[in-house]
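Input: a single structure, listed below in structure tokens.
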Amino acid sequence: MYIVFEGIDGAGKSTQIKMLKEWLEANGFRVETLVEPTDSEIGKLIREMLQRPDAETDKLQKTLGLLFAADRMLIMDKLEDESKIIISDRSFISSLAYQEPAEWIEELNKYAKKPDLLLLLDLDSKTSVARTDGKDTFENEEYLTKVRENYLKLAENYTCEIIDASNGINKMSSDIKKAVAPYLGICPDCVL
Ligand code: ADP
Ligand code: MG
Numbered sequence: 003m004y005i006v007f008e009g010i011d012g013a014g015k016s017t018q019i020k021m022l023k024e025w026l027e028a029n030g031f032r033v034e035t036l037v038e039p040t041d042s043e044i045g046k047l048i049r050e051m052l053q054r055p056d057a058e059t060d061k062l063q064k065t066l067g068l069l070f071a072a073d074r075m076l077i078m079d080k081l082e083d084e085s086k087i088i089i090s091d092r093s094f095i096s097s098l099a100y101q102e103p104a105e106w107i108e109e110l111n112k113y114a115k116k117p118d119l120l121l122l123l124d125l126d127s128k129t130s131v132a133r134t135d136g137k138d139t140f141e142n143e144e145y146l147t148k149v150r151e152n153y154l155k156l157a158e159n160y161t162c163e164i165i166d167a168s169n170g171i172n173k174m175s176s177d178i179k180k181a182v183a184p185y186l187g188i189c190p191d192c193v194l
């Protein structure tokens with residue numbers, strides 16, 4: 003099973019993936035976690051380019067779109083491993099939510115693997131900026147509001163559970179376990 007976590011920075015992806023992994027392992031499942039961008043050479047380049055002052059320009063956005071798609075290709079085989087639950091921190095759906103133009107990004111990611119389950123951690127941009135201390139200056143509130151809207155629209159195209167990320171960490175974790183349980187044959191009422 004391929005589970006993807008999406009949501010803007012500060013939504014709690016890293017926190018919740020760790021908690022879900024521990025819970026699934028305690029329930030006897032084998033779990034592997036992935037993060038996009040990866041730690042490949044292309045992933046490193048992406049992280050560097052995201053810090054550039056001109057990262058928002060059309061030229062850089064297109065270049066980033068290509069790099070993200072290329073970085074993703076490098077982990078394609080890992081997503082096919084059916085002996086484990088693969089949990090990914092972001093996916094091609096991030097590209098669709100963050101980058102433009104939409105048709106072009108869709109074309110680039112045409113062959114990217116669709117998640118069996120998408121967990122969208124839905125958060126308002128104000129709380130996002132507060133939780134991340136606004137460390138990513140190019141991710142301003144206005145842009146993040148647009149990304150959040152994009153995510154909610156995109157969610158309609160996938161098997162998706164929307165998690166209210168304005169809740170506390172433990173409430174979110176319990177909502178996520180309840181959302182995941184039926185897909186793995188775990189009784190949802192048995193989840194605390
Ligand atoms: P992401 O990976 O989506 O960017 P993180 O899990 O790294 O989010 O969380 C970002 C920051 O917000 C961290 O400092 C984390 O401790 C805090 N945080 C995460 N989830 C919550 C929550 N539900 N309520 C309040 N703070 C949170
Ligand atoms: Mg994170």
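For the sequence shown, position 176 matches number 178 in this note's numbering, and the numbering has no gaps at all.
Here a beta-carbon is modelled for each residue, glycine too, at the ideal position from N, C-alpha and C.
No experiment lies behind these values; they were computed from the predicted model shown.
Quiz prompt | Backbone CA spacing between leucine 76 and tyrosine 185 [nearest angstrom] | solution = Roughly 27 Å between the two C-alpha positions.
Quiz item: In angstroms, rounded to a whole number, what distance separates the CA positions of asparagine 152 and alanine 114?
Solution: Looking at the backbone, the Cα of asparagine 152 and that of alanine 114 are separated by about 18 Å.
Quiz prompt | Own chain partners of isoleucine 19 with C-beta closer than 7 Å, once the 5 adjacent residues on each side are dropped | solution = The residues are Phe7, Thr35, Ile89, Asp91.
Exercise. Please report the Cβ distance between alanine 99 and leucine 156, rounded to the nearest whole angstrom; I am assuming they are in contact, meaning their Cβ atoms lie under 8 Å.
Key: Indeed they touch by this definition, with Cβ atoms about 6 Å apart.
Quiz item: Pick from Gln101, Asn142, Tyr145, Cys189: whose alpha carbon is nearest that of lysine 64?
Solution: Checked all of Gln101, Asn142, Tyr145, Cys189; the closest Cα to lysine 64 is Gln101.
Self-check item: Residues bridged to aspartate 166 [DSSP beta-bridge criterion]
Solution: Asp124.
Quiz item: When the Cα of serine 176 is compared with those of Leu119, Glu108, Glu58, Trp25, which residue comes out closest?
Solution: Closest by alpha carbon: Trp25.
Exercise. Tell me the start and end of each unbroken beta strand (DSSP E) in the stretch 5-63 that is at least 3 residues and wholly inside, in chain order.
Key: With a minimum length of 3 residues, the continuous beta strand (DSSP E) runs that stay inside the stretch 5-63 are 33-37.
Practice problem: With a cut-off of 8 Å on the beta carbons, I'd call isoleucine 10 and arginine 150 a contact; round off their distance for me. | Solution: Their Cβ separation, rounded to whole angstroms, is 6 Å, which keeps isoleucine 10 and arginine 150 in contact under 8 Å.
Self-check item: lysine 23 to leucine 66 span [Cα, whole Å]
Solution: Rounded to the nearest whole angstrom, the C-alpha separation of lysine 23 and leucine 66 is 30 Å.
Quiz item: Per DSSP, what kind of secondary structure is aspartate 135 in: helix, strand or coil?
Solution: Correct three-state label for aspartate 135: coil.
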